[in-house]
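Engineer: Here the sequence shown is numbered in numbering that gives the first Met the number 0, starting from 0 and rising by one per residue.
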Amino acid sequence: MSKLNIAAEALDHAAQTATDIPQWSGADAFSVDEAYAVQALSIERRLARGERLAGYKMGLTSRAKMAQVGVDTVIWGRLTDAMRVAEGGEIARDRYIHPRAEPEIAFVMGRRLEGRVSPAEAMAAVDSVCVAIEIIDSRYKNFQFALGDVIADNTSAAGFVLGDRHSPTLDIGNRGMLLEVDGTVREIGSSAAILGHPARALVEASALLATSGLALQPGDIVLAGAATAAVPLSPGMSVRTVVEGLGAVHFRTV
Ligand code: OOG
Ligand code: MG
0 MSKLNIAAEA
10 LDHAAQTATD
20 IPQWSGADAF
30 SVDEAYAVQA
40 LSIERRLARG
50 ERLAGYKMGL
60 TSRAKMAQVG
70 VDTVIWGRLT
80 DAMRVAEGGE
90 IARDRYIHPR
100 AEPEIAFVMG
110 RRLEGRVSPA
120 EAMAAVDSVC
130 VAIEIIDSRY
140 KNFQFALGDV
150 IADNTSAAGF
160 VLGDRHSPTL
170 DIGNRGMLLE
180 VDGTVREIGS
190 SAAILGHPAR
200 ALVEASALLA
210 TSGLALQPGD
220 IVLAGAATAA
230 VPLSPGMSVR
240 TVVEGLGAVH
250 FRTV
């Protein structure tokens, strides 16, 4: 097996068994291209088990997120149907290593979108926008990683919850966003923290996917990236995100 296949298997196994693994540092570190190849190989393993590709997620699109993890490059990962958590649903804390939740906005694509586009062109391909929560769970020890590590690890993707769908004509620029745990506000921010406007995250998604020969397809979900830092999850929490104008979404941990 190649070095990239071995890494993909190790990351997939770490996620399936909720066991952390060391980073690939120093001479073993992956280049960005190698890391995306590892990500693709690890997702192939999920698809071979019957999971279906549900879309993509953008990562590190806000300063708050870059600062929290110490990596300052916009990255992307893949979402599968098995990662979806029902609105109001429940997750078991012990199925993850050290899960965190973060407040997001999601796009559901209405049309194909590919390559370099303007924010207006990107939004014209959107069917609906939703408030969302992403559950991230780095497979690396202590949630610590370098750029290549986190890309290889499918940008820590572990779960996502989507709220009600709204028309893409709604104004989603500079809307208040917050994350509450058990009714207490834990993180507060604005959608403007996401590359100035969440539509720019979709522009980045389209451009970056094209460098891997991919395009957004109708029905694909795209998470724009968190507006604030992520909050660690423990059992017995009720987690809720509100985005001004888009409503709220929540899930619980056991
Ligand atoms: C990397 C994933 C970042 C976001 O929304 O910025 C991300 C991580 O924080 O582990 O999903
Ligand atoms: Mg995220």
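Ideal Cβ positions, reconstructed from N, Cα and C, are used throughout, including at glycine. This structure is a prediction, so every number in the text was calculated from the model and none was measured.
By Cβ distance, which residues of its chain are closer than 6 angstroms to E179, with the 5 residues on each side in sequence left out?
Structural biologist: The answer, listed in chain order, is R239.
Engineer: For a test of your reading of the model: does the CB of T60 fall under 7 angstroms from any non-hydrogen atom of ligand 1? Yes or no.
Structural biologist: Checking the Cβ of T60 against ligand 1 gives yes.
Engineer: What whole-angstrom Cβ distance do R164 and C129 have, given they're in contact under 8 angstroms?
Structural biologist: Right, the Cβ-Cβ distance comes to about 5 angstroms (below 8 angstroms), so this counts as a contact.
Engineer: Is the separation between the beta-carbon of F250 and that of I42 shorter than 8 angstroms?
Structural biologist: Cβ distance not < 8 angstroms, so F250 and I42 don't count as in contact.
Engineer: Can you look up R45 in the DSSP assignment and give me helix, strand or coil?
Structural biologist: Here R45 sits in helix by DSSP.
Engineer: For G224 versus V253, is the C-beta distance shorter than 8 angstroms?
Structural biologist: Not in contact: G224 and V253 (Cβ atoms no closer than 8 angstroms).
Engineer: For the beta strand (DSSP E) containing A151, list its first residue and its last residue.
Structural biologist: Run containing A151: none in the beta strand (DSSP E); it sits in the alpha helix (DSSP H), 146-151.
Engineer: Check whether the segment 185-192 touches the segment 211-227, taking contact to mean three or more Cβ pairs, one atom from each stretch, closer than 8 angstroms.
Structural biologist: Yes: at least three Cβ pairs fall under 8 angstroms.
Engineer: Counting only the same chain and skipping the five closest in sequence on each side, list residues whose C-beta sits under 8 angstroms from that of K140.
Structural biologist: Closer than 8 angstroms at the Cβ level, and outside the excluded window around K140, lie D19, I20, P21, Q22.
Engineer: Alpha helix (DSSP H) containing L208: first to last residue?
Structural biologist: That run of the alpha helix (DSSP H) goes 197-210.
Engineer: Note down the Cα distance separating L59 from T154, rounded to an integer number of angstroms.
Structural biologist: Whole-angstrom Cα-Cα distance: 9 angstroms.
Engineer: If distances are taken between C-alpha atoms only, which option among A17, G87, L201 comes closest to P118?
Structural biologist: It is L201 whose Cα lies nearest to the Cα of P118.
Engineer: Would you mind reading off the limits of the beta strand (DSSP E) that contains P102?
Structural biologist: Looking at the DSSP string, the run of the beta strand (DSSP E) that includes P102 is 99-108.
Engineer: Provide the residue span of the alpha helix (DSSP H) that contains M0, from first to last.
Structural biologist: Per DSSP, M0 belongs to no alpha helix (DSSP H) and is neither H nor E.
Engineer: Please report how far the alpha carbon of A13 lies from the alpha carbon of A66, in whole angstroms.
Structural biologist: Each residue's alpha carbon lies about 25 angstroms from the other.
Engineer: Which residues does DSSP list as the beta-bridge partners of S237?
Structural biologist: For S237, which the question treats as bridged, DSSP gives the partners R251.
Engineer: Can you list, in chain order, the residues of its chain with a C-beta nearer than 6 angstroms to that of V73? Leave out the 5 residues immediately preceding and following it.
Structural biologist: For V73, where only same-chain residues beyond five positions count, the Cβ hits under 6 angstroms are L59, T60, E203.
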